[in-house]
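**Student:** Residue numbers (this note's numbering), protein chains in the order written: chain F, 634 to 997; chain B, 634 to 997.
Please find one structure pasted underneath; my questions will follow.
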């Protein structure tokens, strides 16, 4: 049977992306060190959840925070709350916002909110886009970095100008901070400084942080209090969330100080991709976080075959998953984490030489 | 500082109810035995989730099953699906249904469904109540046992008649089986036999089963397939649910064969409560599952004081939590599990002698 790219990647001597395997060992490693006598949280109360919420609220510079099983739940609720406050159904976000493309339209089907799409699919939201919004929009969501276009960021000054404008117009600003920790080194700002521009903030604990699952929604006390009512309505107020909370807590301590390392890894690796290989380029060319996308001017199947061969011949797993980019092109997402520094530079160089050769052969 | 009843219960030599402490050790005990190489589920796919879903579907005698983080999420979605199918907004259930009193009206606020309340707060839904329903009701939810009235059950013949009637009228029947496993010994039926009366079934894994959290929604393939779309909309389609799934799986294997033991424990303990102590009685008088409620003709504070004293003097923790029952009365819920058999009968007898004495003294 022919191996798939994903199988080859999972078996690679040096997988390049991510922190490690998503397996049960992640949980075992977390809990081996923990005291079994620690009480479970109970329906959103108890030391284990309250302490973590307070810790992350402080890190984000907000008065309050609530742990959610998922960002999908947290963000729909954030937008619903701002809409309730303004008695408007309108929210604004990017056409490739998570809520628009990955949530089976929960925002519309469950909350009956009406999104207004800003900018277009290929670029960031600008201050001009923001200025084109109607005043009856309750909330604008900004995703930093904008994942679906490779993880791009506006200049910090533009972000400040957007925040000023929204405040002036009475439009709440919500941060989709699924990868907030990952962008702090590029902006050279603390989380609290970035979050001070936003009325509400969501952060995730299983992306750069590498926990098992879970999210935090943060803001003013009154806002998070109301979010707990909606959390119950959504079925997210579980009797015990501690498996996620304790893993998130430990992973946060371990990895948020490593975000600069991951960011520098991304710059280095993107440089290898952008070393003049015909038809291959990264987006953005110079990463602003630990992530970027790799585009190839060839069909998915061709790119998969090349990457599989490289994996088999060099032991370097560049990715496990290529997607169709339309018009005969393909791409994949790269997120750097704990695995990258362990790869011998010579081996990585060799893999890119193979990529160069194989692309050239294919083009013939 | 004066100890609260809950603190005394938690420190009791012999707590009577439950399986054990809800602490991190529960998770550690589960995962110590598991292979760390086992892959995480990923957004509802993968062996760990698919195997467990198939196993529980088979146990319930249904073609398909979906794991959910919570019953709150699973049941709202079940009712929504049946309403979509019939193009009706009406569902029927008991006035003390979980969806009516414990979910911050998620069914109404998120799904805009309109519940019709059957029977009244003090009794079970009967066939006559069911016959009084309008035909435009899409789905009736039956909770077996009816928890908020002490865990009561209709006769099995009445249940069959209700199911026949609903089928004839085109009203879907959904089972709130939060405690389904717990009632099988009383009915003397398999889960599959009981579930064959219902179009859809929810079961819980952290009550009698004693897992960390989580639920299964089961029914026909087409039904569960649609439920996954709504699971994503609700924010319940987590990247990893394995901490709950693997704990549920292990707890299911360990405890579903013990349901008869828990049931017999409940009958025995209820007998001690119903031994002629003035103003004290259980509801139901003879339990039909592992649970019952204890009612006392005295205010919450008085009953709490008595139970705290008994706990301190005898080492027997009868409960940690008394609730106001109105009109100067109070009550608490009892659920029997793994702890009960470990209690020396003599010590338990002594605790009930103390209860007898203290109630008599209080009545003076």
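Cβ atoms here follow ideal geometry from the backbone N, Cα and C, with glycine treated the same way.
#1: Looking only at C-alpha atoms, which of F:935, F:975, F:916, F:962 sits nearest to residue 988 of chain F?
#2: Can you pull the chain B residues whose beta carbon is under 8 angstroms from the beta carbon of residue 664 of chain F, in chain order?
#3: Taking residue 768 of chain B and residue 802 of chain B to be in contact with their CB atoms under 8 angstroms, please state how far apart those CB atoms are, rounded to whole angstroms.
#4: Find out if the Cβ-Cβ distance for the pair residue 832 of chain B, residue 715 of chain B is shorter than 9 angstroms.
#5: Does any residue of chain B have a CB that is nearer than 9 angstroms to the CB of residue 702 of chain F?
#6: Mark residue 945 of chain B as exposed unless 16 or more other C-beta atoms lie within 10 angstroms of its C-beta, in which case mark it buried.
#7: Around the C-beta of residue 684 of chain B, are 16 or more other C-beta atoms found within 10 angstroms, so that it is buried, or is it exposed?
#8: Just the chain F side, please: which residues come within less than 7 angstroms of residue 709 of chain B by C-beta, in chain order?
#9: For chain F, find out if any of its Cβ atoms is closer than 9 angstroms to the Cβ of residue 673 of chain B; answer yes or no.
#10: In three-state DSSP terms, what is residue 656 of chain F?
#11: Comparing alpha-carbon positions, which option in F:950, F:941, F:867, F:971 lies nearest residue 887 of chain F?
#12: Using CA coordinates, which residue listed in F:759, F:852, F:834, F:786 is at the minimum distance from residue 818 of chain F?
#13: Where does residue 742 of chain F sit, in a helix, a strand or coil, going by DSSP?
#14: Between residue 851 of chain B and residue 687 of chain B, how many whole angstroms is the CB-CB distance? I'm expecting something under 8 angstroms.
#15: Assuming the contact rule is C-beta atoms closer than 8 angstroms, residue 703 of chain B and residue 875 of chain B should be a hit. Round their C-beta distance to whole Å, please.
#16: Hey, out of F:960, F:924, F:949, whose CA is closest to residue 933 of chain F's CA?
#17: Rounded to the nearest angstrom, how far is the Cβ of residue 713 of chain F from that of residue 736 of chain B, given a contact under 8 angstroms?
#18: Quick one: list the residues of chain F neighbouring residue 846 of chain B, beta-carbon separation under 7 angstroms, in chain order.
#19: Counting only Cβ pairs nearer than 8 angstroms, list the residues of chain B close to residue 862 of chain F.
#20: Interface residues of chain F around residue 667 of chain B at Cβ under 8 angstroms?
#21: For chain F, find out if any of its Cβ atoms is closer than 9 angstroms to the Cβ of residue 876 of chain B; answer yes or no.
#22: Using a Cβ-Cβ cut-off of less than 9 angstroms, list which residues of the segment 944-970 of chain F approach chain B; keep chain order.
#23: Helix, strand or coil: which one does DSSP assign to residue 925 of chain F?
#24: On the three-pair Cβ rule with 8 angstroms, is the segment 715-735 of chain F touching the segment 840-859 of chain B?
#25: With H, G and I counted as helix, E and B as strand and the rest as coil, what does DSSP make of residue 881 of chain B?
#26: So if DSSP puts residue 772 of chain F in a beta bridge, which residue, or which two residues, is it bridged to?
#27: Who are the neighbours of residue 865 of chain F on chain B, taking C-beta pairs under 9 angstroms?
#28: Which of the three DSSP states, helix, strand or coil, is assigned to residue 958 of chain F?
#29: If the cut is a Cβ gap below 7 angstroms, which residues of chain F does residue 839 of chain B touch?
#30: Does DSSP put residue 964 of chain B in a helix, a strand or coil?
#31: DSSP three-state call for residue 850 of chain F: helix, strand or coil?
**Tutor:** The short version:
#1: In the first chain, residue 988 of chain F corresponds to position 355, counting from 1. The residue with the shortest Cα to Cα distance from residue 988 of chain F is F:935.
#2: Translated into the one-based positions of the first chain, residue 664 of chain F becomes position 31. Under the 8 angstroms cutoff, chain B gives 657, 660, 661, 664.
#3: Stepping through the second chain from its first residue, residue 768 of chain B is reached at position 135. Stepping through the second chain from its first residue, residue 802 of chain B is reached at position 169. Between residue 802 of chain B and residue 768 of chain B the Cβ distance is about 6 angstroms, and since that is below 8 angstroms, they are a contact.
#4: Residue 832 of chain B sits at position 199 when you count from the first residue of the second chain. Residue 715 of chain B sits at position 82 when you count from the first residue of the second chain. Result yes, Cβ atoms of residue 832 of chain B and residue 715 of chain B sit closer than 9 angstroms.
#5: Here the question's residue 702 of chain F lines up with position 69 in the first chain. Cβ-Cβ to chain B under 9 angstroms: yes for residue 702 of chain F.
#6: Within the second chain, the letter at position 312 stands for residue 945 of chain B. With fewer than 16 other Cβ atoms within 10 Å, it is exposed.
#7: By 1-based counting over the second chain, the position of residue 684 of chain B is 51. Burial call: exposed.
#8: The residue given as residue 709 of chain B occupies position 76 in the second chain. Those are 868, listed as they occur along chain F.
#9: For the purposes of this step, residue 673 of chain B is taken as residue 40 along the second chain, with counting starting at 1. Yes, residue 673 of chain B counts as interfacial toward chain F.
#10: Here residue 656 of chain F refers to the residue found at position 23 when the first chain is read from its first residue. Correct three-state label for residue 656 of chain F: strand.
#11: As a first step, residue 887 of chain F must be located in the first chain, where it is residue number 254. Ranking F:950, F:941, F:867, F:971 by Cα distance to residue 887 of chain F puts F:971 first.
#12: Locating residue 818 of chain F in the first chain gives position 185, where the first residue counts as 1. Ranking F:759, F:852, F:834, F:786 by Cα distance to residue 818 of chain F puts F:786 first.
#13: In the first chain, residue 742 of chain F corresponds to position 109, counting from 1. DSSP places residue 742 of chain F in helix when its eight states are reduced to three.
#14: The sequence position of residue 851 of chain B within the second chain is 218, counting from 1. The sequence position of residue 687 of chain B within the second chain is 54, counting from 1. The Cβ separation is near 11 angstroms, so there is no contact.
#15: As a working mapping, residue 703 of chain B is identified with position 70 in the second chain. As a working mapping, residue 875 of chain B is identified with position 242 in the second chain. Not quite, the Cβ-Cβ distance comes to about 16 angstroms (not below 8 angstroms), so this is no contact.
#16: To locate residue 933 of chain F, count along the first chain from 1; it is residue 300. Of the candidates F:960, F:924, F:949, the one whose C-alpha sits nearest the C-alpha of residue 933 of chain F is F:960.
#17: Position 80 of the first chain holds residue 713 of chain F. Position 103 of the second chain holds residue 736 of chain B. With a Cβ gap of about 16 angstroms, residue 713 of chain F and residue 736 of chain B do not count as contacting.
#18: In the second chain, residue 846 of chain B corresponds to position 213, counting from 1. Under the 7 angstroms cutoff, chain F gives 871, 872, 873.
#19: For the purposes of this step, residue 862 of chain F is taken as the residue at position 229 of the first chain. Per Cβ cutoff of 8 angstroms: 737.
#20: Here residue 667 of chain B is taken as the residue at index 34 of the second chain, counted from 1. Simply 657, 661.
#21: Sequence index remark: in the second chain, residue 876 of chain B carries index 243 (1-based). Yes, its Cβ sits closer than 9 angstroms to a Cβ of chain F.
#22: none
#23: Sequence index remark: in the first chain, residue 925 of chain F carries index 292 (1-based). Note: residue 925 of chain F maps to strand in three-state DSSP.
#24: no
#25: As a working note, residue 881 of chain B is residue 248 in the second chain. In the structure shown, residue 881 of chain B sits in a helix (DSSP, three-state: H, G or I).
#26: Indexing the first chain from 1 puts residue 772 of chain F at position 139. Answer is F:724, F:805, bridged to residue 772 of chain F.
#27: Reading the first chain from its first residue, position 232 is the one you call residue 865 of chain F. Per Cβ cutoff of 9 angstroms: 705, 735, 736, 737, 739.
#28: Position 325 of the first chain holds residue 958 of chain F. Strand.
#29: Taking the second chain and counting its residues from 1, one reaches residue 839 of chain B at position 206. 872, listed in chain order.
#30: On the second chain, residue 964 of chain B is found 331 positions in, with the first residue counted as 1. The answer is strand: DSSP assigns residue 964 of chain B an E or B state.
#31: The count along the first chain starts at 1 and reaches residue 850 of chain F at position 217. Residue 850 of chain F: strand per DSSP, three-state reduction.
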